[in-house]
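Right, one structure below, let's go through it.
2 protein chains.
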Amino acid sequence: MSEFFERLRAAARARRSQLCVGLDPDPDRISGGAAGALRFCLDIVRRTTDLAACYKPNSAFWEQYGPDGWSALAELRAGVATDIPVLLDAKRADVGSTMHAYARAAFEAIGADACTVHAYHGEDSLREFTAYTERGVYVVCRTSNPGAADLQHVVFDGRPLYLAVAALAERVNGAGNVGLVVGATAPAEIANVRAASRLPFLVPGVGAQGGDLEAAVRAAWTGDETSCLVNASRGVLYAEDPEAAARGYRDRINAVLDVVAS
Amino acid sequence: MSEFFERLRAAARARRSQLCVGLDPDPDRISGGAAGALRFCLDIVRRTTDLAACYKPNSAFWEQYGPDGWSALAELRAGVATDIPVLLDAKRADVGSTMHAYARAAFEAIGADACTVHAYHGEDSLREFTAYTERGVYVVCRTSNPGAADLQHVVFDGRPLYLAVAALAERVNGAGNVGLVVGATAPAEIANVRAASRLPFLVPGVGAQGGDLEAAVRAAWTGDETSCLVNASRGVLYAEDPEAAARGYRDRINAVLDVVAS
């Protein structure tokens, strides 16, 4: 298993936490532009550093501030304790030479430990990211939004498209640094993906998106701490007490794991 | 038809050009970091302003410079003559609330006239972009790279996935502001998409990627200037004489159109 997943496992074990905290600043809720967003998110990091196994800034929320947002994102990355990995949620996808530039942007310019990507461009495109063998690459498989079924559930050869994506992700996992993104809003689909693949899962969509946290964790968990990283963004960021909200998610996940283990 | 496509048509008619020039700086070829990239690309714009119907910076190539790259991209955008539209090739895709932020980034923070997106998240995701009715939204349909067939050619209900993507793009085209990206390396697939859809095409992949320019234009062209926007990036940027290279592409495209019209 790659250095990234070793680090993720160590961070999860040290805190007994499968929680990833999404750092997605909303200018309609946080004043002060990019500087305000950075202050706000660094405060969230400070309050949750004993509770989060990973931090996941979504690139979109920083890009909307323009160039200042990218500077803030780089500062945010530098503000996270070195023993907690940072996953840049950017969902990039393009032809090989362009993916090479995207990988440089995520892993070198920003210094992310892992990044999300889309598989639509196929194997040669994904390999530009997986070539960074010490970093993690999460391939978007089954998403958490209402439109997910429009294309992802298209069936061919008796299986939905999202399982073809999972199979493609397996093909580029030679270095053991590939995971899958499977949304918590569809626990049945998580179970389908888990039946087909032992890759580590990133599970977004709990909290504001209404995913079923308990069912999602039961479907994703394999017994290894990298198997099920559950992301909450708005449910922590905009809680009255973000620390208590993060602890609440962590404890709800651990309660499921206690039942599974017993 | 949307304001974006009206502007694109006017720019193409004024120059009798279907050429889009891709502005994708490569730090291995251009010295001076983000400032060097900006200087280099502004010089390309200056040399080709009578030959290009559109400019297409690919976000990846600017992101790899970090925050300075985003500042340079914003300056580049401001440096293009107001009668030539700027298409930000960013290929974004995420859940609705995140796509809302990506649309803000592309259309407000950068001020792009159009943007490329992926359809994997489905209809609700795409609508966050198409809601900017005066801007253009190109949905990635059939790509120009070797791995394109891995997922895009998966067949269900007797048709390949890329045609399902084209159908989804049609569904979100209520404001007439949607186009498709179909790579020049696959003229047969361009013809398939054109048989299924009259949406405007952006056709990348000529030049360095080895696409068949003439066959691609014949397959894409409908008689309307928005129907076939052919992109060349490396083939212009790194030519000994970029102006001559751009003129060469423009003239080759026009030669095909002359034959088709006769």
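Those protein sequence lines, which keep their order, are chains A and B.
Residue numbers for the first sequence follow the numbering used here, so the first one is -3 and each next one is one higher.
Residue numbers for the second sequence follow the numbering used here, so the first one is -3 and each next one is one higher.
Heads up, the beta-carbon is just placed ideally off N, CA and C, and yes, glycines get one too.
Bounding residues of the beta strand (DSSP E) (the contiguous stretch that carries residue i)
i, result
"B:L198", "F197 to V199"
"B:A86", "L83 to R88"
7 angstroms CB neighbourhood of residue i in its chain, flanking five on each side removed
i, result
"A:R243", "L47"
"A:E130", "S(-2), E(-1) and F0"
"A:L72", "L19, L34, C37, L38 and P53"
"B:Y128", "A99 and F103"
"B:L275", "Because residue 275 of chain B is not part of the residues shown, which for chain B are -3 to 258, the question remains open."
"A:G92", "D120, S121 and E124"
"A:C224", "Q14, F197, V199, V213, A216 and W217"
"B:E2", "none"
"A:P21", "A33, F36, C37 and F57"
Coarse secondary structure for residue i, derived from DSSP in three states
i, result
"B:N250", "helix"
"B:Y61", "coil"
"A:R25", "coil"
"A:V161", "helix"
"B:V174", "strand"
"A:P238", "helix"
"B:V17", "strand"
"B:V41", "helix"
"A:N227", "strand"
"A:N169", "coil"
Closer than 6 angstroms: residue i CB and nearest the ligand FAD heavy atom
i, result
"A:A144", "What this structure holds is no ligand at all, so the ligand FAD is not there to describe."
Residue i, enclosing alpha helix (DSSP H) - first and last residue
i, result
"A:R230", "R230 to L233"
"A:V202", "Segment: none, A:V202 is in no alpha helix (DSSP H) and carries neither H nor E."
"A:M95", "G92 to A99"
"B:E185", "P183 to A192"
"B:V213", "L209 to A216"
"A:L4", "E(-1) to R11"
Neighbourhood of residue i by C-beta distance below 8 angstroms, restricted to the same chain and skipping five residues each side
i, result
"A:L195", "A162, A165, E166, N169, V174, G175 and L176"
"A:H114", "K87, R88, A89, V135 and V136"
"B:I40", "V17, L19, V232, L233 and P238"
"B:T126", "V133, V168, N169, G170, A171, N173 and V174"
"B:A6", "D79"
"A:G107", "A70, R73, A74 and V82"
"A:A263", "Any answer about residue 263 of chain A is impossible in this case: the structure gives chain A only from -3 up to 258."
"B:L253", "Q14, V213 and W217"
Own chain, CB closer than 6 angstroms to residue i, minus 5 neighbours either side, in chain order
i, result
"B:D85", "K52, N54 and T112"
"A:M95", "S121 and E124"
"B:I186", "V178, A212, A215 and A216"
"A:T139", "G179"
* Ranges of the beta strand (DSSP E) found wholly within the region 111 to 157 of chain B, counting only runs of at least 3 -> 132 to 138
* Which residues, in chain order, does the region 162 to 182 of chain B contribute to contact with chain C at a C-beta distance below 7 angstroms? -> Chain labels in this structure do not include chain C; the protein chains are A and B.
* **Residues, ordered as in the chain, of the region 52 to 68 of chain B that lie near chain A by beta-carbon distance below 9 angstroms** => N54, S55, A56, F57, W58, E59, Q60, Y61, G62, P63, D64, G65, W66, S67 and A68
* Asked: Which residues, in order along the region 103 to 134 of chain A, keep a beta-carbon less than 8 angstroms from a beta-carbon of chain B?
  -> E104, A105, I106, H114, A115, Y116, H117, G118, E119, D120, S121 and L122
* To do: Please list the residues of the region 141 to 164 of chain A that have a C-beta atom closer than 9 angstroms to any C-beta atom in chain B, keeping them in chain order.
  => N141, P142, G143, A144, A145, D146, L147, Q148, V150, V151, F152, D153, L157, A160, V161 and L164
* Could you please tell me which residues of the region 89 to 104 of chain B, in chain order, have their CB closer than 7 angstroms to any CB of chain A? => A89, D90, V91, G92, T94, A97, Y98, R100 and A101
* To do: Could you name the residues of the region -2 to 26 of chain A whose beta carbon sits closer than 7 angstroms to any beta carbon of chain B, in the order they occur along the chain?
  => none
* Contact set between the region 212 to 230 of chain B and chain A, restricted to residues whose Cβ is under 7 angstroms from the partner -> none
* Give, in chain order, every residue of the region 27 to 40 of chain B whose Cβ lies closer than 9 angstroms to some Cβ of chain A. => none
* Report the residues of the region 70 to 84 of chain A with a CB closer than 7 angstroms to any CB of chain B, ordered along the chain. => A70
* Return the residues of the region 186 to 210 of chain A that lie within a Cβ-Cβ distance of less than 9 angstroms from chain B, sorted by chain order. => P200, G201, A204 and Q205
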